[in-house]
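One structure is given here, and the rest of the page talks about it.
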Amino acid sequence: MGKLRVYLDTIYERATNDFFERVTLPVLMSSRYLIVVATPDAAPREQATNDWMRREIEAFEAGPNRGNIILVRAAGAFAGPLPGDLAVRYPNIEIIDMRGYGPFAFLNPAKASRLADETVKIVAPLLGLTSEDMPAIRREEERRQQFRLGLAAGSAIAVIGAVTAVFAFLSRNNALDALSRSVFATERTIQTIRSLQPGEARNNLLASSCDLLDSLADRAPSPPQALALVACRAERADAHDRLKEPDRAAEMLAAATKIAEEGFARTGAADDALAVVEARRATLERAIRTDIQNAGRVASDFATRALEFAKKMKEEHEIPETAARALQKSAVEFLQAKQDDAALDTVNASIEAGSIALSRQERLSMQLEHVVTVALKSQVLFEREEKGAADEVRAKAKAMLDQIDGKKADAEGLARRYSEAADLVAKTGKGYLDR
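As structure tokens, this is what we get:
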């Protein structure tokens, strides 16, 4: 018989929505049973938004094992209020009465016998035992109780052993709770470090954080989020390239893409979709860096997948923003390498992604990037000797720039980018590539 994997939630109101979505919810979705412990403190709250037990019950009931709830009364009146909406959801639910359980329960033979019988009700479904097995289990428990009653010292030792096991169980689950928090904090650290300017200090910090995440992940109750895993493998791919190990670098990015795609296929979540985009972005950047002559296909694959996500997830703005910026950067690289066809395809995809992002959130920084991208398209058309089309697109970029308040850009710390956009719009055949 295999070991039971148990997750004990002890965080209650101290939990954040982010922690619930990333740690608690996946555990609930993968659990076969939910044990709800009813006490007076666990009674339904007046404000449902602060009722974490209700939220966890509702989440479990929305999962694949709905109905597999074991309700335990640990304190208070037997018929007292139940957590969440269990009284309404399951008006005839069986309540397992564990009131009076404690280190000295064995001193009361009747209580010890009752608690042992109730414990069997909890353990049997967890171990997959059938109703046919229950009489034999109870007979064995009764035989043990008789033995305990005949030997008080033996009973004491048995109960002490049980209490020790309970404390070990609680200690283990407290450790798992702390471990989940450590994984969560490390993931956040990795995402923060990724946003720093490239350099040796950033690379060393990211490498150390990724090593820490690996060591924690082996013992954590649920796997780390795909975004963090992708960031780590992208960083290690860069490190292998610096060490002149291109095959290992390619393997790392292939693994990153696989992790992200499998995660999204499993959850359909926006964060996992963003992880796919980030993995493919890293692959695109490497293709441009190592083999730009053949990087056009990689750029096309990236644009197709990113735009697919952007159109499907209509409330999401980070995915199209990420795609627009990555494609804008790639278009510049293609243009510098005289890959005009790839540059035009990529800049068009960047404009499409930027338009989607702005339709969902009109941030000034993204407005400026969109102006730059449209102006960049005019530069691409100019290099292709399509002057009429280039002038028409540049006029469109100028009209877009005229709608942006330069003082507002300065107030938001975007004065430099505003100036760069204005310079690019004003020039023909120069500007962006000469910066």
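Sequential numbering from 618 applies to the sequence shown in my numbering. Idealized CB from N, CA, C, for every residue including glycine.
Helix or strand or just coil, what does DSSP make of residue i?
i: ASP918; result: helix
i: LEU688; result: strand
i: GLY771; result: The pLDDT assigned to GLY771 is 43, lower than 50, so where the model puts this residue is not dependable, and the model offers no usable value.
i: ILE1021; result: coil
i: LYS831; result: Looking at the sequence itself, residue 831 is Asp, so the reference to Lys does not match. If DSSP states are grouped into helix, strand and coil, ASP831 belongs with the helices.
i: LEU744; result: coil
i: MET930; result: coil
i: LYS1044; result: coil
i: PRO700; result: coil
i: LEU813; result: coil
i: PHE695; result: coil
i: TYR718; result: coil
i: GLU819; result: The displayed chain sequence assigns Arg, not Glu, to residue 819. Helix at ARG819.
i: TYR1035; result: helix
i: MET618; result: For MET618, the predicted structure reports a pLDDT of 45, less than 50, and the residue's modelled location is therefore unreliable. A value from the coordinates is still provided. MET618: coil per DSSP, three-state reduction.
i: ARG708; result: The question names Arg, but residue 708 is Pro in the sequence shown. Three-state result, PRO708: coil.
i: ALA912; result: coil
i: GLU1009; result: helix
i: GLY971; result: helix
i: ASN965; result: helix
i: PRO937; result: helix
i: SER1055; result: Nothing can be reported for residue 1055: it is not among the residues displayed for the chain, which extend from 618 to 1052.
i: GLN978; result: coil
i: ALA1016; result: helix
Would a C-beta distance cut-off of 8 Å place residue i and residue j closer than the cut-off?
i: ALA916; j: ALA959; result: yes
i: PRO937; j: ILE973; result: yes
i: GLU678; j: ILE713; result: no
i: ILE710; j: LEU688; result: yes
i: THR963; j: VAL894; result: no
i: ALA845; j: ILE810; result: no
i: SER839; j: PRO643; result: yes
i: VAL1042; j: LYS1015; result: yes
i: LEU732; j: GLY717; result: yes
i: LEU1031; j: LEU975; result: no
i: LEU961; j: ARG1001; result: yes
i: ALA691; j: ALA660; result: no
i: ASP957; j: VAL997; result: yes
i: ARG898; j: ASP918; result: no
i: THR874; j: THR907; result: no
i: ALA920; j: ALA966; result: yes
i: MET869; j: ARG850; result: yes
i: PRO815; j: LEU830; result: no
i: ALA970; j: ALA948; result: no
i: ALA843; j: ASP889; result: yes
i: ILE909; j: GLU950; result: yes
i: GLY719; j: MET670; result: no
How would you write the range of the beta strand (DSSP E) that residue i sits in, first residue to last?
i: ALA655; result: 651 to 655
i: ILE674; result: Segment 669 to 678 is the alpha helix (DSSP H) holding ILE674; no beta strand (DSSP E) there.
i: ASP714; result: 712 to 714
Between the options, which lies nearest to residue i when the distance is taken from Cα to Cα?
i: GLU1037; options: LEU993, ALA1016, GLN1020; result: LEU993
i: MET715; options: ALA927, ALA694, LYS928; result: ALA694
i: PRO681; options: VAL737, ASP668, ASP918, LEU651; result: LEU651
i: ARG819; options: PRO700, ALA856, VAL800, VAL705; result: ALA856
i: CYS827; options: THR803, ASP835, GLU817, ILE739; result: THR803
i: ALA824; options: ASP835, ALA837, ALA854, ARG639; result: ALA854
i: MET1017; options: VAL989, GLU1029, GLY1005, ARG1033; result: VAL989
i: ALA834; options: PHE881, PHE801, GLY697, ALA866; result: PHE801
i: ARG980; options: GLU638, SER812, SER995, ILE1021; result: ILE1021
i: THR641; options: GLY913, ASP864, ARG798; result: ARG798
i: SER982; options: SER995, ASP1027, LEU952; result: ASP1027
i: GLY684; options: ARG914, PRO742, LYS928, LEU813; result: PRO742
Quick one: give me the first and last residue of the alpha helix (DSSP H) that residue i is part of.
i: GLY880; result: 863 to 884
i: LEU985; result: 981 to 1000
i: TYR954; result: The sequence shown places Ala at residue 954, not Tyr. Element bounds for ALA954: n/a, residue is neither H nor E.
i: LEU846; result: 843 to 859
i: THR641; result: THR641 -> no alpha helix (DSSP H), and no H or E assigned at all.
i: GLU902; result: 887 to 907
Contact check, residue i vs residue j under 8 Å by CB: the rounded distance?
i: PHE999; j: ALA1007; result: 4 Å
i: ALA871; j: VAL847; result: Not quite, the Cβ-Cβ distance comes to about 12 Å (not below 8 Å), so this is no contact.
i: LEU645; j: ALA676; result: 5 Å
i: GLU933; j: ALA887; result: 5 Å
i: VAL653; j: ILE686; result: 6 Å
Can you determine whether any heavy atom of the ligand NAP sits closer than 7 Å to the C-beta of residue i, and answer yes or no?
i: ALA966; result: Among the ligands in the structure shown, none appear at all, so the ligand NAP cannot be discussed.
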